[in-house]
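Chains as they are written, first to last, in UniProt numbering: chain A, 1 to 607; chain B, 1 to 607.
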């Protein structure tokens, strides 16, 4: 497994230089304490913990996996000890409300901390990561009593939480959920059913686990309108808050998976387990979305995390391993061959990884601001930020995990045959990354969420021109002739992005027109529309980074001009080599749904 | 693991209807016996063996893997038994010369048989598959004595062979090979050194293994000009041809890999092992290429094989699994949800798999004809066929394995979260497919072989206009207005392919110009050039298939018009949805090498 070094310089560049988090935090009700010094200290301490405590057990965790013995799940060697250190250092409570024992810092800081932990050891980070979804759901939908009872030990990290949605017969289609909730008549319920794919469903890290479970009340309407949410602890909770006897929540088996083997993926059996209802009756799906949006941004982080780790490994290997001579002449004549990094095709793969990682990180850090504003702003602004984040979330989750998987594969490819051998750790990154396009809504579901829900149903198409309006304002501002900044160096970015903003609007309009007569036009276009949106969005963020980099170079006063020059070079690479992919996606989707939909189900194969 | 059904209908379509193998075989010196009936019988018997004997041990082989105990490698349960049946049925000798005990049938039949076996169980198929490389190398470069001694038991399958190239310090860059060959003075040699990544380096399937080994004679020139080939048997061979005592060839360890776990990937130690030289002194690299071309086509088969198997699994699941309702209205109102296959985005993935599989297979079967002609044609024609096959080989290997991996991932994606769970077998296909872009020359090496060697060095750019000339002749023939066939239904294919043929020529010319002043222009363009070439070539083969399909539909007399209609639909899908990717590759490569090459090695990362 490649050694992990937290990319602190890049993170600080985004936080302090590109997105001005310093001012952002200063205006937040809960941002006062998040001064630049505190932010940097949190980054550095997160990095220290991640690099020294959990990165070293990433590969061993994969080799060892989780074990189920006597109905109890054991995590790999070192996982519980690392979690004890994490909890004792107060990390779980970082960005949770002070009224439940949290440190009350902005949510974005929690996400950035999570990115660092996740890059060091994705499987380990899933345990505290999934707990956040349960916490947020209880925080928003729970009664005061529920919050007091469950949130305090969750926030402190004494307990962890999970979300129990999927059942054997249904993943995405939660309307098919069969788990039953029977009222006891005293306001409590008995939950009976089987849930599958429950990450952290059981483990040895905490004494109790709080499950948030989707289930159906007797006589509830069919489909998604008859589903409610319940809080079901693994162990009953005594009146004094201490852990009591078993609540009949058991792990039936552990899934054998391609990767994230150190993360316990459980089949969970609830057998008359005591529960309380969370949120209103039959409104479980709506309440669920609170969790889903958090989880989807958490999964988007996975794209960047695996891309970063794979890039670090590939870069180090490309500098150390020597093979063949550069086509343009010997670069290391004293050595038997030139380092891989001198070969153009290896540079293509490394730069693709770099452009994906840094571009993706910029997209995430921008979105994280909306999460802060939604959590603390006034309710009137909430809708505005929810809309903005809602539009970006499927792009972040869908596009960044697809590119993260691509990047993980490039990193492995740089190693040649050695990449396929487990000891190097590069193939583990690919296996771990592979889940990211599947869970928390597949790529196809993200694409439908973006185009079908966010663009067409919720905004009647306006979400796109609103967003491209922002891009066009950026272009106008930096226009080399008419803009207020008159940036000649940004000419190419302004030209390309202006054209692509218009193209994005045009494509959206075409799909809207087609959808009037053929709903399949939406499903047929969704994937390519999301990928097109992702490439243009990432291009816009590269342009923003480049604008800052030129500023810094022009106004001097910085110690590392090479850092800014590298940003500019990488952005140019993105424009030259990655952004052209939008052409293929635009062309594919404007070709319409006919060839997708016209083949008979029975004509896919002939024996 | 999805059940495997040999796609016999598609194979027969290509052999009998598209490529007219019936006439091809009739004109081959060794094709007389390969009548259509015999060909079909071989396909059907191969299918029977593959489906009943080796497909059932594909997943168990992955779970069990190979074991090294007391210096001996054991293959997974059932592997040896299946091989015994294979050998006793005479399969190894199918397309080898009769003078060494072979059945003397054309090489293409051997490749197609191999495709069937490979789809059923790639790891198993590697054992007899790699033996072919050793056999071909000995057949072409061996002395009569060597052929008599080694080829007979290899052809019968009594023994197997390997190729030992890679060493710890070098994979692609074989000029760094250190393994020593010391002359004994009697025409024999002692080989000492360590080879890694030796597939089938040791196993329990045969009593002896014949290693073809790259090694360096004392005082040989440095680099690739000082490397010779040697035949090194695992066990010495007695004068009567029986297996004698150990030849100090031992397996030091087995690699732990991402996939192909049932294939033994060995570290092989040669410790003064007795050997004879194969081919001329210091010409080992040239002799090696004989093997490499075979191996590369064998690996191109892997792309199609994994794509086929993954497609079969995904298609079956998409018809059985129900989730959500189709956007255009309920398709199965009596069921709780519609089958996945009704959803546009699932169809996109399935059709992509289908287009890749069938398009790739067509490319392979076309190339296999050249292999036949090279093996049996007169020496004057050899160069012509070698050039044609040499141009196509890196496209087949590089492009088809990249697309095969993509297809395997689509198949897994159709399963949603279940695709990540091992019991379904879909993730194994991805892990098994992942090696195909790495071994036998990575994708980057194939790209350089195509653009740098085949196009620029060997043909001075002419290889492309020669090939596009063929495409343009096809377009001219089928032109709806001026062509001899005047095919209105082919209008779109003719239009697009004509434009792309011209674009391919233009791009090649641009790179040639750029390469005059900057050799890095070749390396920087190579990957995108190869992918562009692949997409256009596959488009050309889809057009050929469509031309035949329309013929069949127009002239009736066939029992399955749906088969031909499905071909046409799939071709249209390819044009609409896959071929547009050429735009991105063309744009990327014409942007030139600057942004690839200009970033300092030290500026890739800042801490």
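A virtual CB, placed ideally from N, CA and C, is assigned to each residue, including glycine.
- Message: Helix, strand or coil for residue 604/A? Go by DSSP, reduced to three states.
- Response: coil
- Message: Between 16/A, 311/A and 80/A, which has its C-alpha nearest residue 264/A's C-alpha?
- Response: 80/A
- Item | Helix, strand or coil at residue 609/A [DSSP, three-state] | Outside the shown range of chain A, which is 1 to 607, sits residue 609/A, and nothing can be said about it.
- Task: Write down the C-beta distance between residue 162/A and residue 199/A rounded to the nearest angstrom, noting that I regard them as a contact closer than 8 Å.
- Result: 7 Å
- At 9 Å on the CB atoms, spell out the chain A contacts of residue 576/B, in chain order. 587, 588, 591, 592, 594, 595 and 596
- Message: I need the boundaries of the beta strand (DSSP E) containing residue 232/B, first residue and last residue.
- Response: 227 to 233
- Message: Using beta carbons (cut-off 7 Å, strictly below), is residue 507/A in contact with chain B?
- Response: no
- Distance, Cα to Cα, residue 37/A vs residue 564/A? 22 Å
- Task: Could you check which residue in 322/A, 443/A, 328/A and 480/A has the C-alpha nearest to that of residue 416/A?
- Result: 322/A
- Task: Determine, using beta carbons only, whether residue 338/A comes closer than 7 Å to chain B.
- Result: no
- Query: What residue does the alpha helix (DSSP H) around residue 119/A start on, and which one ends it?
  - Reply: 107 to 120
- Query: Which first and last residues belong to the alpha helix (DSSP H) in which residue 267/B is found?
  - Reply: Not the alpha helix (DSSP H): residue 267/B falls in the beta strand (DSSP E), residues 265 to 278.
- Message: Using a Cβ-Cβ cutoff of less than 6 Å, which residues in the same chain neighbour residue 368/A once the five nearest sequence positions on both sides are dropped?
- Response: Hits under 6 Å: 108 and 111.
- Task: Count the other CB atoms, across all protein chains shown, that sit within 10 Å of the CB of residue 478/B; report buried if there are 16 or more and exposed otherwise.
- Result: With 16 or more Cβ atoms within 10 Å of its Cβ, residue 478/B is classed as buried.
- So is residue 581/B in contact with chain A if we call contact Cβ pairs under 7 Å? yes
- Message: Between the region 309 to 318 of chain A and the region 401 to 419 of chain A, can you find at least three pairs of beta-carbon atoms closer than 8 Å?
- Response: Remark: three or more beta-carbon pairs, one from each stretch, lie closer than 8 Å, so the region 401 to 419 of chain A and the region 309 to 318 of chain A are flagged as touching.
- Message: Do residue 47/A and residue 132/A have their beta-carbon atoms positioned less than 7 Å apart in this structure?
- Response: no
- Task: Just grab the DSSP bridge partners of residue 421/B for me.
- Result: 257/A
- Task: Would you mind giving the Cβ-Cβ distance between residue 124/B and residue 61/B, rounded to the nearest angstrom? I have them listed as a contact below 8 Å.
- Result: Contact between residue 124/B and residue 61/B holds, since their C-beta atoms are separated by about 7 Å, short of 8 Å.
- Cβ contact check for the region 23 to 32 of chain B and the region 324 to 333 of chain B: 3 or more pairs under 8 Å: no
- Query: With respect to the beta strand (DSSP E) encompassing residue 161/B, which residues constitute its N-terminal and C-terminal limits?
  - Reply: 160 to 164
- Pair within 7 Å by beta-carbon distance, residue 344/B and residue 524/A: yes
- Determine the contact status of residue 317/A and residue 205/A, defining contact as a CB-CB distance below 7 Å. no
- Message: For chain B, check one thing: does any of its Cβ atoms lie closer than 7 Å to the Cβ of residue 422/A?
- Response: yes
- So, is the C-beta of residue 18/B closer than 7 Å to a C-beta in chain A? no
- Task: Identify the contact partners of residue 676/B in chain A, using a Cβ-Cβ distance below 7 Å as the criterion.
- Result: Summary: the structure shown does not reach residue 676/B, with chain B confined to residues 1 through 607, and so no result is reported for it.
- Express the C-alpha separation of residue 304/B and residue 358/B in angstroms, rounding to a whole number. Cα-Cα distance, rounded: 8 Å.
- Message: Which residue marks the beginning of the beta strand (DSSP E) containing residue 193/B, and which one marks its end?
- Response: Counting along the chain, the beta strand (DSSP E) containing residue 193/B begins and ends at 188 to 199.
- Would you list, in chain order, the members of the region 139 to 152 of chain B that have their beta-carbon closer than 9 Å to a beta-carbon of chain A? none
- Between the region 519 to 551 of chain A and chain B, which residues of the former have a C-beta closer than 9 Å to a C-beta of the latter? 519, 520, 521, 522, 523, 524, 525, 526, 527 and 528
- Item | Distance, residue 103/B Cα to residue 118/B Cα | Residue 118/B and residue 103/B have their C-alpha atoms spaced approximately 21 Å apart.
- Query: In chain B, what lies closer than 8 Å to residue 565/A by C-beta?
  - Reply: The contacting residues are 603.
- Message: According to DSSP, is residue 346/B part of a helix, a strand, or is it coil?
- Response: DSSP places residue 346/B in helix when its eight states are reduced to three.
- Query: What separation, rounded to the nearest whole angstrom, lies between the Cα atoms of residue 582/A and residue 530/A?
  - Reply: 10 Å
- Report the neighbours of residue 343/A on chain B: residues whose CB is nearer than 8 Å to its CB, in chain order. 444 and 523
- Query: When burial is assigned at 16 or more other CB atoms within 10 Å of the CB, is residue 427/A buried or exposed?
  - Reply: buried
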